[in-house]
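Student: Please see the structure below; I have some questions.
Number of protein chains: 2
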Amino acid sequence: MVKDQATEDLIKEKAKVLFFQKGFLDATTQEIADEAKVNRALIHYYFRSREQLLDSILEEVVNRKRARAKAIFTSALSFREKIAVYISAIVDQGLMYPYLENFIISETARDPERANMLCSPTRTRTTELIRDDLAAEIKAGKLAPMTVEHFMINLSSMCNYPFLAKSILKSVHGMTDQSYRKFLQDRKQIIYRAIFNEEMPEVQLTPELKSILS
Amino acid sequence: MVKDQATEDLIKEKAKVLFFQKGFLDATTQEIADEAKVNRALIHYYFRSREQLLDSILEEVVNRKRARAKAIFTSALSFREKIAVYISAIVDQGLMYPYLENFIISETARDPERANMLCSPTRTRTTELIRDDLAAEIKAGKLAPMTVEHFMINLSSMCNYPFLAKSILKSVHGMTDQSYRKFLQDRKQIIYRAIFNEEMPEVQLTPELKSILS
DNA sequence: GGGCACGTTAACAATTTTGTTAAACAAAAA
DNA sequence: TTTTTGTTTAACAAAATTGTTAACGTGCCC
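So the protein sequences, as listed, match chains L and E. The first sequence begins at 729 in the working numbering and counts up by one. The second sequence begins at 729 in the working numbering and counts up by one.
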């Protein structure tokens, strides 16, 4: 024997390519196996069922998102710099994995239990990491009063929705792939301005942040 | 003979209940037939295939959205009032049909051709209806400069995303159904303020608008 | 080398799902 | 009453999909 973990990782990796990059959200076990060039039975051997493979992928990707958010929001940056980096990270991630959000949305909609599983109370809540910073901004009169929940959702709405609605946007505004990507790049500034009403600062990333965001 | 159009409408109607309200986005033809209490073959008799039933539903719902938007944006209201009404209409629609956006997003992602079909160049583009108003606001210095595309997407992102991410939101912030609905009501003001940086006005709807939005 | 442990494969079984069809049926027209 | 037209039904066929299993292969330890 020589493969072991390697095969399991390969299957997961190729499944993610199908789901997140090729957008084939209802890929069958056969299609996943083909993509990984392995026998379909191996998927069951390693993951028991298609469902559990999806669970495993969903959990991994959500944890990864959480880890990135945590790294950003516990960094030494100023509040507004953190938000700038966060926006940029989400948009960049969307450009790299265009259907990742579709996957998360559609899987949690299909079975809301999954959302609970992923957000157990013991996990770090991103909202808690910015609650005080946000309150300070508001108290200083630099931001219209709102709860941290509304703030976070304004933020993630504007970052994520354009990826979810990709085909509609492209149709409605007659965009090519090229101009769609340009549009998303522009959005980084647009989103920041929509939130803070000022220009987005250039942020110098620490090596640590750089590596976790790559 | 007595049914005809009635049966066809019934099937479509019940399918929409399944998709938009119960959130069963991958309902089978059998499940649709059960919901409508008709024989499954009738679905094929009237709609030929499951796919064409979905097409028909998707087209209807997108046209309906477009018609509402057009009614709002061609009304006699001021620009900011129009936006206030638009926000309110979208959120209310989401409360009524919680999975309608999920349906649109997942169907257009599954087959981007559909998005083209729905947004043919001959259709009225909502963006065109507000382009001039928006330019005037910006010129008057009442709004940060941005293209009408970014403006519209900021708007629809903040309105629609909270419905798409419903289960995640509820998990992350520990919301009940009750508090989730309250949260969405609050968002109307929050979204308006995020865009215009001022309180949302009370708008008196004309009877015509009232009827098309009901 | 022989046996062990694990990975891999092909074949099979079971289920689900879509789409078709021929017959039954019901109302209106002739 | 018979015919005609369009609707509804049950039964069937075909395809797709998931999960299981028994056999096979391959390296490794003794």
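Even glycine gets a Cβ: it sits at the ideal position worked out from N, Cα and C.
Between P826/L and I881/E, is the Cβ-Cβ spacing less than 8 Å?
Tutor: Here the question's residue 826/L lines up with position 98 in the first sequence. Here the question's residue 881/E lines up with position 153 in the second sequence. No, the pair does not count as a contact, with Cβ atoms beyond the cut-off.
Student: Note down the Cα distance separating T757/E from H901/L, rounded to an integer number of angstroms.
Tutor: Translated into positions along the second sequence, residue 757/E becomes position 29. Translated into positions along the first sequence, residue 901/L becomes position 173. Answer to the nearest angstrom: the Cα atoms are 34 Å apart.
Student: Check distances from the C-beta atoms of the segment 896-907 of chain L to those of chain E and list, in chain order, the residues that come in under 8 Å.
Tutor: I896, L897, K898, S899, V900, H901 and G902
Student: How long is the line joining the alpha carbons of G822/E and K894/E, rounded to whole angstroms?
Tutor: Here the question's residue 822/E lines up with position 94 in the second sequence. Here the question's residue 894/E lines up with position 166 in the second sequence. Going by the C-alpha atoms only, they are around 11 Å apart.
Student: Can you check whether the CB of K740/E is closer than 8 Å to the CB of S784/E?
Tutor: As a working note, residue 784/E is residue 56 in the second sequence. As a working note, residue 740/E is residue 12 in the second sequence. The answer is yes: Cβ separation under 8 Å.
Student: What is the DSSP secondary structure of F747/E, reduced to helix, strand or coil?
Tutor: For the purposes of this step, residue 747/E is identified with residue 19 of the second sequence, where counting begins at 1. Here F747/E sits in helix by DSSP.
Student: Would you list, in chain order, the members of the segment 836-848 of chain E that have their beta-carbon closer than 8 Å to a beta-carbon of chain L?
Tutor: T836, A837, R838, P840, R842, A843, N844, L846 and C847
Student: Counting only beta-carbon atoms, is G751/E nearer than 8 Å to chain L?
Tutor: For this step, residue 751/E is matched to residue 23 along the second sequence. By the rule that beta-carbons nearer than 8 Å mark a contact, G751/E touches chain L.
Student: Is the Cβ of L933/L closer than 8 Å to any Cβ of chain E?
Tutor: As a working mapping, residue 933/L is identified with position 205 in the first sequence. Chain E, which has no Cβ nearer than 8 Å to the Cβ of L933/L, makes this no.
Student: Restricting to Cα atoms, I'd like to know which of D737/E, S884/E, D861/E and R794/E is closest to Y774/E.
Tutor: Working through the second sequence from its first residue, we reach residue 774/E at position 46. Comparing Cα-Cα distances from Y774/E to each of D737/E, S884/E, D861/E and R794/E, the minimum goes to D737/E.
Student: Output needed for P929/L: all residues of its chain with C-beta closer than 8 Å, excluding positions within five of it in sequence on either side, in chain order.
Tutor: The sequence position of residue 929/L within the first sequence is 201, counting from 1. R808, E809 and A812.
Student: Take V876/E and list the residues in its own chain whose beta-carbon comes closer than 7 Å to its own, dropping the five residues that flank it on each side.
Tutor: Sequence index remark: in the second sequence, residue 876/E carries index 148 (1-based). Correct list, in chain order: T855, I858, R859 and L862.
Student: Classify M678/E as buried or exposed, calling it buried when 16 or more other Cβ atoms lie within 10 Å of its own Cβ.
Tutor: Lying outside 729 to 942, the shown extent of chain E, residue 678/E is not represented and no answer is given.
Student: Looking at chain E, is there any beta carbon in it that lies within less than 8 Å of the beta carbon of R778/L?
Tutor: For this step, residue 778/L is matched to residue 50 along the first sequence. For R778/L, the answer is no, since every Cβ of chain E falls outside 8 Å of its Cβ.
Student: When the Cα atoms are used, what is the spatial distance from R842/L to R778/L?
Tutor: As a working note, residue 842/L is residue 114 in the first sequence. As a working note, residue 778/L is residue 50 in the first sequence. Distance between the alpha carbons of R842/L and R778/L: 15 Å.
Student: Give a yes or no on whether 8 Å exceeds the smallest Cβ distance from N791/L to chain E.
Tutor: Against the first sequence, residue 791/L aligns to sequence position 63. Answer no: the Cβ-Cβ gap between N791/L and chain E never drops below 8 Å.
Student: In the DSSP assignment, find the unbroken alpha helix (DSSP H) run with T836/L in it and report its ends.
Tutor: The residue labelled residue 836/L in the question sits at position 108 within the first sequence. Going by DSSP, T836/L is part of the alpha helix (DSSP H) stretching over L828 to R838.
Student: Using a Cβ-Cβ cut-off of less than 7 Å, list which residues of the segment 762-776 of chain E approach chain L; keep chain order.
Tutor: none
Student: What distance in whole Å lies between the Cβ atoms of A872/L and R921/E, which are believed to be in contact at a cut-off of 8 Å?
Tutor: Your numbering for residue 921/E matches position 193 in the second sequence. Your numbering for residue 872/L matches position 144 in the first sequence. At roughly 5 Å, the Cβ-Cβ gap stays under 8 Å, so R921/E and A872/L are in contact.
Student: Quick check on this structure: which residue in I866/E, D914/E, S907/E and L897/E has the alpha carbon closest to the alpha carbon of R853/L?
Tutor: Here residue 853/L is taken as the residue at index 125 of the first sequence, counted from 1. Closest by alpha carbon: L897/E.
Student: Nearest to I833/L by CA position, among T904/L, M824/L and L782/L, is which residue?
Tutor: Reading the first sequence from its first residue, position 105 is the one you call residue 833/L. Of the listed residues, the one whose Cα sits closest to I833/L is L782/L.
Student: Which residues in chain L have a C-beta closer than 7 Å to the C-beta of A872/E? List them in chain order.
Tutor: Stepping through the second sequence from its first residue, residue 872/E is reached at position 144. Neighbours of A872/E on chain L, chain order: R921 and N925.
Student: Considering only the alpha carbon of each residue, which of N791/E, V819/E and I918/E lies closest to T850/E?
Tutor: Translated into the one-based positions of the second sequence, residue 850/E becomes position 122. Among N791/E, V819/E and I918/E, the Cα nearest to that of T850/E belongs to N791/E.
Student: Considering only residues of the same chain and omitting the five flanking positions on each side of D820/L, which have a CB-CB separation below 8 Å?
Tutor: Working through the first sequence from its first residue, we reach residue 820/L at position 92. Once the five neighbours on either side are set aside, the close Cβ partners of D820/L are L941.
Student: Could you pull out every unbroken alpha helix (DSSP H) segment of at least 4 residues lying fully inside the segment 886-927 of chain L, listed in chain order?
Tutor: Within the segment 886-927 of chain L, complete alpha helix (DSSP H) segments of at least 4 residues are found at 894-900 and 905-924, given in chain order.
Student: Indicate the three-state DSSP secondary structure (helix, strand or coil) for K742/L in the structure shown.
Tutor: To locate residue 742/L, count along the first sequence from 1; it is residue 14. Helix at K742/L.
Student: Interface residues of chain E around E809/L at Cβ under 9 Å?
Tutor: As a first step, residue 809/L must be located in the first sequence, where it is residue number 81. In chain order: nothing, as chain E lies at least about 20 Å away.
Student: Pick helix, strand or coil for Q780/E, following the three-state DSSP scheme.
Tutor: Numbered from its first residue, the second sequence carries residue 780/E at position 52. Helix.
Student: Measuring only between beta-carbons, confirm whether I739/L sits less than 8 Å from chain E.
Tutor: Taking the first residue of the first sequence as 1, we reach residue 739/L at position 11. No - not a single Cβ of chain E is within 8 Å of the one on I739/L.
Student: Among E936/L, K938/L and F748/L, which residue has its Cα nearest to the Cα of R838/E?
Tutor: Translated into the one-based positions of the second sequence, residue 838/E becomes position 110. It is F748/L whose Cα lies nearest to the Cα of R838/E.
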